[in-house]
Amino acid sequence: MESRPDLAGLFRPPSLSQRSRSSLHLFLWGSILISAGVFSFLAFLYAAILSKLLPPSGLPILASIENDWYYCLLIPLTYCLLIPLTGPVVIIVVYLHWLSMKLFKHA
Numbered sequence: 000m001e002s003r004p005d006l007a008g009l010f011r012p013p014s015l016s017q018r019s020r021s022s023l024h025l026f027l028w029g030s031i032l033i034s035a036g037v038f039s040f041l042a043f044l045y046a047a048i049l050s051k052l053l054p055p056s057g058l059p060i061l062a063s064i065e066n067d068w069y070y071c072l073l074i075p076l077t078y079c080l081l082i083p084l085t086g087p088v089v090i091i092v093v094y095l096h097w098l099s100m101k102l103f104k105h106a
């Protein structure tokens with residue numbers, strides 16, 4: 000004779016220790032993601048702006064970032080096509096967001 004699983008156990012609220020482990024897990028993942036975002040922002044800020052303003056460093060990796068002018072915000076010709084194309088892309092993204100919310104609301 001085959002035993003059936005306890006279905007009542009599936010609908011019991013989690014115990015306090017499970018709840019605290021879950022909230023700690025979410026807190027750690029949130030902290031990791033926020034830290035990664037802040038690190039990425041600071042790395043781009045250094046590569047795009049600060050490396051051109053600071054004096055040259057002796058480290059080869061930082062020297063290669065200092066000599067790279069592709070992402071430099073100080074030269075207007077670098078972004079001569081990027082800035083005008085930002086407007087139409089924003090309009091398209093806003094429209095698609097509005098459309099997806101309408102489809103979700105009326106589905």
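In numbering that gives the first Met the number 0, the protein residues as written are 0 to 106.
Just so you know, even glycine gets a beta-carbon here, dropped at the ideal spot from N, CA and C.
None of the values given here were measured: they were computed from a predicted structure.
Taking the CB atoms as reference points, tell me whether residue i and residue j lie closer together than 8 Å.
i	j	result
P55	A62	yes
I60	S50	no
Counting along the chain, where does the alpha helix (DSSP H) carrying residue i start and finish?
i	result
Y56	First, the amino acid is wrong: residue 56 is Ser here, not Tyr. Where S56 is concerned, there is no enclosing alpha helix (DSSP H), given that its DSSP letter is neither H nor E.
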